[in-house]
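For the sequence shown, my numbering begins at 947 and goes up steadily by one.
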Amino acid sequence: MKKLLIVLLADSNGHENLARALHALLYAKQAHAAGVSTKLIFDGGGTEWAAALPSHQHLRPLYQQLVEAGVIEGVCEFCAKAFEVYDQLKDGEVQLVSEDQGHPNIGAKLADGWQVMTL
């Protein structure tokens, strides 16, 4: 089975990064619907989106659909702290991931056959 890991790195500032967040969610939905094993991780500035999406007027429904489908893998714990959204996320429905020095272990995903897409 094909495996796709989408990593959203774009912060929540500006129209261009809104487009990146939207497309990360859309690509995750499309891949999941196509039967591809799909996961989405919020890393770097993307942790800001993890904090914003649960209440975002336009993107919340798509985000919630992915949460309910189990597509959201988690949020980088180190970066959530660095981008000052940790307190908003620590008790949320999405897991904080800290596999390698506080960050997700992308190398382990690659070794397990995951293809990585970054936005």
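Ideal Cβ positions, reconstructed from N, Cα and C, are used throughout, including at glycine.
Residue i in three-state terms, based on DSSP
i, result
"PHE1024", "helix"
"LYS1075", "Here the chain covers residues 947 to 1065 and nothing more, so residue 1075 does not appear."
"LEU950", "strand"
"GLU994", "helix"
"GLU1030", "coil"
CB contact flag (residue i, residue j, <8 Å)
i, j, result
"SER1044", "GLU994", "no"
"VAL1017", "LEU1035", "no"
"LYS975", "GLN1003", "no"
"THR984", "LEU950", "yes"
"LEU1005", "ALA967", "yes"
"ALA996", "PHE988", "yes"
Per DSSP, the bridge partner or partners of residue i
i, result
"ASP1046", "HIS1049"
"LYS985", "LEU951"
"THR1064", "VAL953"
Other residues of its chain near residue i: CB distance less than 8 Å, five sequence neighbours each side excluded
i, result
"HIS978", "THR984, LEU1012, ALA1015, VAL1017"
"VAL982", "MET947, LYS948, LYS949, LEU950"
Cβ-based neighbour list, residue i, same chain, cut-off 6 Å, excluding 5 preceding and 5 following
i, result
"MET1063", "ILE952"
"PRO1050", "ILE987, CYS1022, VAL1043"
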